[in-house]
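See below for the structure under consideration.
There are 2 protein chains.
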Amino acid sequence: MSNQVKFVLDESRLPKAWYNIVADLPAPPPPVLHPGTLQPVGPDDLAPLFPMSLIMQEVSSEREIGIPEPVRDIYRQWRPSPLYRARRLEKALDTPARIYYKYEGVSPAGSHKPNTAVAQAFYNKEAGVKRIVTETGAGQWGSSLALSGAFFGLQIEIFMVRVSYNQKPYRRALMESYGARCVASPSEETNSGRMFLAQRADHPGSLGIAISEAVEVAAQSDDTKYALGSVLNHVLLHQTVIGQEAMEQMQMAGDFPDVIVGCTGGGSNFAGIAFPFIGHALRGGQKARIVAVEPAACPSLTKGRYAYDFGDTAHLTPLTKMHTLGSTFVPPGFHAGGLRYHGMAPLVSHCAELGLLEPRSYAQVTCFDAGVLFARSEGIVPAPEANHAVKGAVDEALRCKAEGKSETILFNLCGHGHFDMQAYMDYFGGKLLDQQYDEAELAMALAGLPSVGA
Amino acid sequence: MSNQVKFVLDESRLPKAWYNIVADLPAPPPPVLHPGTLQPVGPDDLAPLFPMSLIMQEVSSEREIGIPEPVRDIYRQWRPSPLYRARRLEKALDTPARIYYKYEGVSPAGSHKPNTAVAQAFYNKEAGVKRIVTETGAGQWGSSLALSGAFFGLQIEIFMVRVSYNQKPYRRALMESYGARCVASPSEETNSGRMFLAQRADHPGSLGIAISEAVEVAAQSDDTKYALGSVLNHVLLHQTVIGQEAMEQMQMAGDFPDVIVGCTGGGSNFAGIAFPFIGHALRGGQKARIVAVEPAACPSLTKGRYAYDFGDTAHLTPLTKMHTLGSTFVPPGFHAGGLRYHGMAPLVSHCAELGLLEPRSYAQVTCFDAGVLFARSEGIVPAPEANHAVKGAVDEALRCKAEGKSETILFNLCGHGHFDMQAYMDYFGGKLLDQQYDEAELAMALAGLPSVGA
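Protein chains in written order, with numbering that gives the first Met the number 0: chain W, 0 to 453; chain R, 0 to 453.
Below, the structure written as structure tokens:
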């Protein structure tokens, strides 16, 4: 059908396995190091935090890891997610390019995050865990884990960055609707939290601090584990259902992307769409350019250093090699809270080092310009994070127009903006500004990186 | 598949025609009367407000009215919408009943309203209209028309009930994201608005007043028409894609509903799911019980009078025979804003008089209890309006449990609650109360009904 805009896979085409890019990479990723010994960690070192099944996925180099049926049963509620041809956006841009987007906002929590939250909840439940503790910034991850906890009968406790806790009461209400407990971080409930509150009683918090609090709680209790919504290998792994489906849907459309665009914070939605395509090319298949878009105010891939660093601010986590702005770097409070993390996923960083992707950064106002154009063309109001991917795709489409090329562009629309309307109000009210990070603070954070040889 | 939870129709199964129940009713609905002459209105009387194509649909008695291809093209973005088997809810209720729900929250605006908004925008565009003026309460209708205006290049102007305008800035931001202009009603922009503001400078507004303002603006300008999101025959007609799809999806599931539940405000989502099933039974097919759930605080079907009444407060609209609480009745400010209308759709009212449905009313707190149970079981946080349908379905399922019957229950989940989280915050904070209407005010409103013979 020539005017087809929606490409839907039958339920039977829901992937049966997650795709592990490690199997296809020309070089293995650097090991994760123990923060005390600086030696590579073994599975047992991670056992206080994660169930063994997830640890084994974290270190696996198998190409395919089977998705358990109970996880697929829940995926089926909204997966395979739709792939759209953005015909009205193409028309608005007057571009010869064909623009496609994979839409992950159809999940009950409104983003791609449940792809891993459901899997993590399943493995924890299977391991006899009673409670999962986590952190959340903008709240997309927290609400997805809350949802998954409700499905599997697990208690969910969420340390929410205090500034978001106060600014986003509706996101908190969503987590509470799913039965989770939400705590403003830094809190009085942990040593890490009390330490930061002692430094500053009205501390606004950060993702790195909230991670410290959650890790601390999990490490202290036998029936409690920790969960992370991005960055780690097993989290990226779970997101690869996105790209696997997209690949098949592009085939349905009789097309193949010349360019694939994703936004990158911790890196999970980006890896979800990109890794299956990168692997396809590494195995000799058709190759696409891969564009990773990050916020100019938190530019780990474009301005960070590729080095070993901690995942949290209180330095309780293992050391991973990644593009990092330094674990003490606190990005300005721009609206794409899901992209406000000092580090990039080690696997995404490794791919960047291998030259498998093109990093790019944009300031937030131009991303909202693109997001509003997208909303008026396609009807979906994107999350502020997703606006970065929209902007990347729009720029590629405008390049095609300038060059007179009818290329095929695919991007991942990782979530809707229903819980981010304050950002749009600020935008329409002229109050949304491009925020700069503090150069001196970045230099200091980078200078403070742990001295670990590569 | 025995554990199947999602029933998705292929795009090719998108209905080609809307279903008009008038063709199958045993008695024709009473005529619409001119407010001046009290004689039946002709198409020309309505021409200042609507394009002729919609007026002809309003008075049609054809069983099937073809859906234009440009409308189907847009429907295809989210239609056919999914039908779900609520297995986790069944388990939570420990009921032998099978519960299914049709989910209309998958539209870009998050409710069933775009089904008619897109159609109305199309016909207006076709008729050369440049601007559509409407009213909105909670904002589901306003945002759906805003969306449709963006798709068809029409200017959309929305009179939003002032209390909602102030309480729901995010819903307003959504309409503005789609490029619509939002005005708090009563406003200084119309005679009706100025009249009500003169009575009370801080007037909170009502749906009836906002309709008066919108109708007044539309009637005064040649390139401007009016649009209504519920109540009218053509609006209900456009919603019948819901029930037509659901009927086919129940067939996919190898099942047929014993009971169908919908929530009723103006009546459009209810008619959307119920009319195709009622028509099926009227034509000799299998019959289901049809339950219409309304809020106890605005009970037009259960406590109103079946009489001719105005659709608006300033008495600018024609007179229709319907179950009404009186056009001056102002319901208390409960959270299901989409159900706060003094009248019920004439066609739904007519069906009630014919004994084709069972009206029922619930107070709001018990509806939120059901809604939160649903969110934790099924993952979707329902709109406050939809919570009434959830409550109706839960009660039917509990009846089945008490009676040991494994009946089949189908309800329409007409929208998600992403823009209604304040209501959930109030609920969890113990601030959501069951509000009573004022008995004396209702008596006065009913006494003030126009004296028009049946």
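Idealized CB from N, CA, C, for every residue including glycine.
For residue i and residue j, I'd like the C-alpha separation in whole angstroms.
i      : j      : result
W/H111 : W/P294 : 19 Å
W/Q243 : W/K167 : 33 Å
W/A213 : R/K430 : 31 Å
W/D433 : W/E352 : 28 Å
R/Q435 : R/R339 : 13 Å
W/M0   : R/A385 : Because W/M0 sits at a pLDDT of 46, beneath the cut-off of 50, its placement in the model cannot be relied upon, and the following sentence gives the value as read from the coordinates. Their Cα atoms are separated by approximately 35 Å.
W/A273 : R/S191 : 57 Å
R/S59  : R/V21  : 8 Å
R/C262 : R/V132 : 26 Å
W/G141 : R/Y102 : 24 Å
W/N123 : R/D93  : 25 Å
For residue i, return the contacting residues in chain R, with the cut-off set at a CB-CB distance below 7 Å.
i      : result
W/M420 : Y169, A172 and L173
W/R464 : Outside the displayed span of chain W (0 to 453) sits residue 464 of chain W, for which this structure offers no information.
Helix, strand or coil for residue i, going by three-state DSSP, please let me know.
i      : result
W/K400 : helix
W/V456 : Any property of residue 456 of chain W remains undetermined from this structure, which presents chain W solely from 0 to 453.
R/G428 : coil
W/L318 : strand
W/G65  : strand
W/M0   : Reliability fails at W/M0, whose pLDDT of 46 lies under 50, so the model's placement of it is uncertain and the value that follows must be treated cautiously. Coil, per DSSP.
W/M343 : coil
W/R288 : strand
W/E357 : strand
W/N411 : strand
W/T133 : strand
R/W140 : helix
R/A108 : coil
W/F274 : helix
W/V128 : coil
R/T323 : strand
R/A453 : For R/A453, the pLDDT reaches just 48, beneath the cut-off of 50, and the residue's location in the model is therefore unreliable, leaving the point undetermined.
R/K302 : helix
Mind listing the chain R neighbours of residue i? Cutoff is C-beta to C-beta under 9 Å, in chain order.
i      : result
W/K5   : E10, R75, Q76 and W77
W/M424 : P168, Y169, R171, A172 and E175
W/H334 : Within chain R, no residue comes near W/H334; the closest Cβ sits about 13 Å away, beyond 9 Å.
W/H33  : The premise fails here: W/H33 is roughly 38 Å from chain R at the closest Cβ pair, so nothing lies under 9 Å.
Please list the partners that residue i has in chain W, where partner means a Cβ-to-Cβ separation under 9 Å.
i      : result
R/F427 : A172, E175 and S176
Ordered along the chain, which non-local residues of its own chain (more than five positions away) have a Cβ less than 6 Å from that of residue i?
i      : result
R/A170 : Note on identity: in this sequence residue 170 of chain R is Arg, with Ala being the wrong assignment. Cβ neighbours of R/R170 beyond the five flanking positions: G138 and F418.
W/Q119 : A226
W/G416 : V380, P381 and A382
R/V393 : A369
W/P30  : P39
R/P14  : V240 and Q243
R/V105 : W77 and S80
Find the residues of chain R that neighbour residue i, judging by a C-beta separation of less than 8 Å, and give them in chain order.
i      : result
W/I379 : P107
W/L13  : The premise fails here: W/L13 is roughly 11 Å from chain R at the closest Cβ pair, so nothing lies under 8 Å.
W/H387 : Ordered by position in chain R, no residue passes the 8 Å Cβ test against W/H387, which lies about 17 Å from the chain.
Going along chain W, which residues have a C-beta under 8 Å from residue i?
i      : result
R/N2   : D72
R/P322 : Note that residue 322 of chain R is His in the sequence shown, not Pro. Near R/H322 there are no residues of chain W at all, since even the closest Cβ is about 33 Å away, more than 8 Å.
R/H483 : Lying before the first or after the last residue shown, residue 483 of chain R is absent from chain R, which here runs from 0 to 453.
Applying a beta-carbon distance threshold of less than 7 Å, which residues of chain W neighbour residue i?
i      : result
R/V371 : S176
R/L146 : G378
Between residue i and the rest of its own chain, which residues show a CB-CB distance below 8 Å, the 5 nearest in sequence each way excluded?
i      : result
W/L441 : K302, L324, G325 and F328
R/E89  : A96, R97, I98 and A396
W/M55  : P42
R/G152 : K124
R/S184 : E134, F158, M159, V160, R161, Y164, G192, G204, I208, A209 and E212
With a threshold of 7 Å on Cβ separation, who are the neighbours of residue i within its own chain once the five nearest residues in sequence on each side are excluded?
i      : result
R/V454 : Chain R is shown only over 0 to 453; residue 454 of chain R falls outside these bounds and no answer can be derived.
R/E175 : C181
W/P298 : S360
W/P330 : A296, C297, R339 and Y436
Validate contact between the region 231-239 of chain R and the region 140-147 of chain R using beta carbons, cut 8 Å, 3 pairs: no
Between the region 46-64 of chain W and the region 207-223 of chain W, do at least 3 Cβ pairs fall closer than 8 Å? yes
At a cut of 8 Å, does the region 249-256 of chain W reach the region 372-380 of chain W through at least three beta carbon pairs? no
How about the region 200-213 of chain R and the region 305-321 of chain R: do they share at least three Cβ pairs that are nearer than 8 Å? yes
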